[in-house]
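Have a look at the structure below before the remarks.
Protein chains: 2
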Amino acid sequence: MTSPAAARRARQLEERRSRIVGAARALAEEQGWDAVTTRRLADAIEYSQPVLYGHFPQGRTQIVTAVALEGFEELATALAPSTLGDTGGDAGGDVERVRSLVTAYLDFAERHPATYDAMFLLPVLVRFASDETPAVVRAGFEAIEDTLRHLDNPPADVPTTAEVLWGAVHGLVALRRAGRFPAAHQQERIETLVNLITG
Amino acid sequence: MTSPAAARRARQLEERRSRIVGAARALAEEQGWDAVTTRRLADAIEYSQPVLYGHFPQGRTQIVTAVALEGFEELATALAPSTLGDTGGDAGGDVERVRSLVTAYLDFAERHPATYDAMFLLPVLVRFASDETPAVVRAGFEAIEDTLRHLDNPPADVPTTAEVLWGAVHGLVALRRAGRFPAAHQQERIETLVNLITG
DNA sequence: TGCTAGATGCTAGCAGTGCTAGGCACCATA
DNA sequence: TATGGTGCCTAGCACTGCTAGCATCTAGCA
Numbered sequence: 016m017t018s019p020a021a022a023r024r025a026r027q028l029e030e031r032r033s034r035i036v037g038a039a040r041a042l043a044e045e046q047g048w049d050a051v052t053t054r055r056l057a058d059a060i061e062y063s064q065p066v067l068y069g070h071f072p073q074g075r076t077q078i079v080t081a082v083a084l085e086g087f088e089e090l091a092t093a094l095a096p097s098t099l100g101d102t103g104g105d106a107g108g109d110v111e112r113v114r115s116l117v118t119a120y121l122d123f124a125e126r127h128p129a130t131y132d133a134m135f136l137l138p139v140l141v142r143f144a145s146d147e148t149p150a151v152v153r154a155g156f157e158a159i160e161d162t163l164r165h166l167d168n169p170p171a172d173v174p175t176t177a178e179v180l181w182g183a184v185h186g187l188v189a190l191r192r193a194g195r196f197p198a199a200h201q202q203e204r205i206e207t208l209v210n211l212i213t214g
Numbered sequence: 016m017t018s019p020a021a022a023r024r025a026r027q028l029e030e031r032r033s034r035i036v037g038a039a040r041a042l043a044e045e046q047g048w049d050a051v052t053t054r055r056l057a058d059a060i061e062y063s064q065p066v067l068y069g070h071f072p073q074g075r076t077q078i079v080t081a082v083a084l085e086g087f088e089e090l091a092t093a094l095a096p097s098t099l100g101d102t103g104g105d106a107g108g109d110v111e112r113v114r115s116l117v118t119a120y121l122d123f124a125e126r127h128p129a130t131y132d133a134m135f136l137l138p139v140l141v142r143f144a145s146d147e148t149p150a151v152v153r154a155g156f157e158a159i160e161d162t163l164r165h166l167d168n169p170p171a172d173v174p175t176t177a178e179v180l181w182g183a184v185h186g187l188v189a190l191r192r193a194g195r196f197p198a199a200h201q202q203e204r205i206e207t208l209v210n211l212i213t214g
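Sequence order for the protein chains is P and H. Residues in the first sequence are numbered consecutively from 16, following my numbering. Residues in the second sequence are numbered consecutively from 16, following my numbering.
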């Protein structure tokens, strides 16, 4: 039995929660995660700091986690198309499918660098690679597996190859973001990786 | 014209500097970089905080940089043997050489996780991939290139393949360290990667 | 409609961070 | 032995994440 007032209240709470996450993400993308302080977040939503802890008892880390989960959802969506498209078995089909997967991943990382960091770099309150791993988090990895599985010449060990491919792409992102790679040549790196995978 | 006293003084300074770097590295490996605070470092060397800034005017970041540079030197040493060993052209030679390169890299990362983070994750005062990049930092990458170049069946584009291989191995390290990978299967991932590279 | 219990959000403050200004005491030199 | 310079420490600033305790306002009941 929820009174109308309680329902409205719940809606307001949910709205405020998502404003916190939105503010955190926007601030992180604009000025980096270091700029995402609880005081600035409180300013952004026009409440005091302790309000944040009402929504996120585990504090800042839990807010980062919320941004990461948003990111996993979007990444899964971005990678999904690659699993479809049967090119009808023409010679370049495999190369194209893997390339579009890799490109979609790199595009996501480039467009949302801070979100990507929350997903793969920062400490976060999510158990990965376990039974408790949220479905959303798995989805991205499964998109990679699906793409490989539906190749004309699929690799012998799809799950392991998917992990290696994921690692390789993540490595490209990470080293590039950290300035360890020359800025150019990215296209060559992509082609080389795609060729390695498709054999 | 340096007096004996000045010489002794210079030696003491150098000694203290290296104690700072050593303390930072040890503390980071034991308790993570978050535990490496200027106060704790000062305690470790039994001086006050401002002394640190005499050695490292750029502050904590510069200390992390010093640890990273130590790491690059050690990594280059660890990877160097892979570039030697001509197995005489027997069939498995390429696989073995790439495998020993990859294994050496992963071993280093596993044995010195905090140092590895300083090298590839944390903000650091080194220009990478530029003319000003220290030779030590390049050396590791060149070891990868050399290994590929001396294969019986070297890849067409050695520098790009070296970048991709480096990215892939770094990806394995990063995702594993961040708990994104299942803990097991690492050996399978290594074999899969080696097979991809050697074709 | 008026009252009260409880939810709600604030102010203030704690312990910790990186970093620095200013001054004291000692040491090497003349 | 006097002294100029250097080496180092104390104290403190502005910031961090987080929380205790209190005022206020609202919702639900008689």
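Ideal placement from N, C-alpha and C gives every residue a C-beta, glycine not left out. All of these numbers come straight from a predicted model, not from anything done at the bench.
Cross-chain neighbours of residue i in chain P, by beta carbon under 9 Å
{"i": "P197 (chain H)", "result": "F143, A144, S145 and E178"}
{"i": "F135 (chain H)", "result": "A189, L190, A193 and R195"}
Neighbour flag for residue i against chain P, beta carbons, 9 Å
{"i": "D172 (chain H)", "result": "yes"}
{"i": "H127 (chain H)", "result": "no"}
{"i": "V184 (chain H)", "result": "yes"}
{"i": "A106 (chain H)", "result": "Below a pLDDT of 50, predicted positions are generally treated as unreliable, and A106 (chain H), at 49, falls in that range; no measurement from the model is reported."}
{"i": "L94 (chain H)", "result": "no"}
{"i": "H200 (chain H)", "result": "yes"}
Residue closest to residue i, alpha-carbon to alpha-carbon, out of the options
{"i": "P138 (chain P)", "options": "P:L211, P:F156, P:G155 and P:G74", "result": "P:G74"}
{"i": "A96 (chain P)", "options": "P:L208, P:R114 and P:T80", "result": "Just to set this straight, residue 96 (chain P) is Pro in the shown sequence, not Ala. If we check each option's Cα against that of P96 (chain P), P:R114 comes out closest."}
{"i": "V152 (chain H)", "options": "H:V117, H:N168, H:F135 and H:L166", "result": "H:F135"}
{"i": "Q27 (chain P)", "options": "P:A150, P:E147, P:H70 and P:S63", "result": "P:H70"}
{"i": "D109 (chain P)", "options": "P:Q46, P:L121 and P:P169", "result": "P:P169"}
{"i": "E125 (chain P)", "options": "P:Q201, P:T76 and P:E61", "result": "P:Q201"}
{"i": "V79 (chain P)", "options": "P:Q64, P:I212 and P:A38", "result": "P:A38"}
{"i": "R31 (chain H)", "options": "H:A59, H:F123, H:W48 and H:V51", "result": "H:A59"}
{"i": "A119 (chain P)", "options": "P:A129, P:F143 and P:A93", "result": "P:A93"}
{"i": "Y68 (chain H)", "options": "H:I35, H:L42 and H:Q46", "result": "H:I35"}
{"i": "V82 (chain P)", "options": "P:S33, P:E111, P:L121 and P:V117", "result": "P:S33"}
{"i": "V209 (chain P)", "options": "P:A43, P:F123 and P:L163", "result": "P:L163"}
{"i": "S145 (chain H)", "options": "P:T52, P:R195, P:E147 and P:G47", "result": "P:R195"}
{"i": "F123 (chain P)", "options": "P:R204, P:T213, P:V184 and P:L166", "result": "P:V184"}
{"i": "E45 (chain H)", "options": "H:V117, H:T148, H:E157 and H:T130", "result": "H:T130"}
{"i": "L187 (chain H)", "options": "H:E147, H:V117 and H:P149", "result": "H:V117"}
{"i": "F143 (chain P)", "options": "P:L84, P:D167, P:H127 and P:T176", "result": "P:L84"}
{"i": "E88 (chain P)", "options": "P:H127, P:A22 and P:T176", "result": "P:H127"}
{"i": "T286 (chain P)", "options": "H:D49, H:L166, H:I205 and H:L42", "result": "Residue 286 (chain P) lies beyond the residue range present for chain P, which begins at 16 and ends at 214; the question has no answer from this structure."}
{"i": "T148 (chain H)", "options": "P:P197, P:E157 and P:A50", "result": "P:P197"}
Interface partners of residue i on chain H, CB under 7 Å
{"i": "T207 (chain P)", "result": "D172, T175, T176 and V179"}
Helix, strand or coil at residue i according to DSSP, with G and I counted as helix
{"i": "F156 (chain P)", "result": "helix"}
{"i": "L211 (chain P)", "result": "helix"}
{"i": "M16 (chain H)", "result": "Low confidence applies here, because M16 (chain H) scores a pLDDT of 43, under 50, leaving its location unreliable and the question unanswered by this model."}
{"i": "R126 (chain H)", "result": "helix"}
{"i": "V151 (chain H)", "result": "helix"}
{"i": "E178 (chain H)", "result": "helix"}
{"i": "P197 (chain P)", "result": "coil"}
{"i": "V139 (chain H)", "result": "coil"}
{"i": "P96 (chain H)", "result": "helix"}
{"i": "A106 (chain H)", "result": "Residue placement at A106 (chain H) is flagged as unreliable, the pLDDT there being 49, under the threshold of 50; the coordinate-derived value follows with that caveat. Reduced to three states, the DSSP call for A106 (chain H) is coil."}
{"i": "V51 (chain H)", "result": "coil"}
{"i": "E45 (chain P)", "result": "helix"}
{"i": "G86 (chain P)", "result": "helix"}
{"i": "Y62 (chain P)", "result": "coil"}
{"i": "D146 (chain H)", "result": "coil"}
{"i": "H165 (chain H)", "result": "coil"}
{"i": "A38 (chain H)", "result": "helix"}
{"i": "G74 (chain H)", "result": "coil"}
{"i": "A171 (chain H)", "result": "coil"}
Supposed close pair residue i, residue j - CB separation, criterion 8 Å
{"i": "G155 (chain P)", "j": "L90 (chain P)", "result": "5 Å"}
{"i": "V179 (chain H)", "j": "E160 (chain H)", "result": "That pair is no contact at about 12 Å."}
{"i": "G182 (chain P)", "j": "A133 (chain P)", "result": "At roughly 19 Å, the Cβ-Cβ gap does not stay under 8 Å, so G182 (chain P) and A133 (chain P) are not in contact."}
is_contact[residue i, chain H] using C-beta, thresh 9 Å
{"i": "G214 (chain P)", "result": "yes"}
{"i": "A189 (chain P)", "result": "yes"}
{"i": "E88 (chain P)", "result": "no"}
{"i": "R204 (chain P)", "result": "yes"}
{"i": "L211 (chain P)", "result": "yes"}
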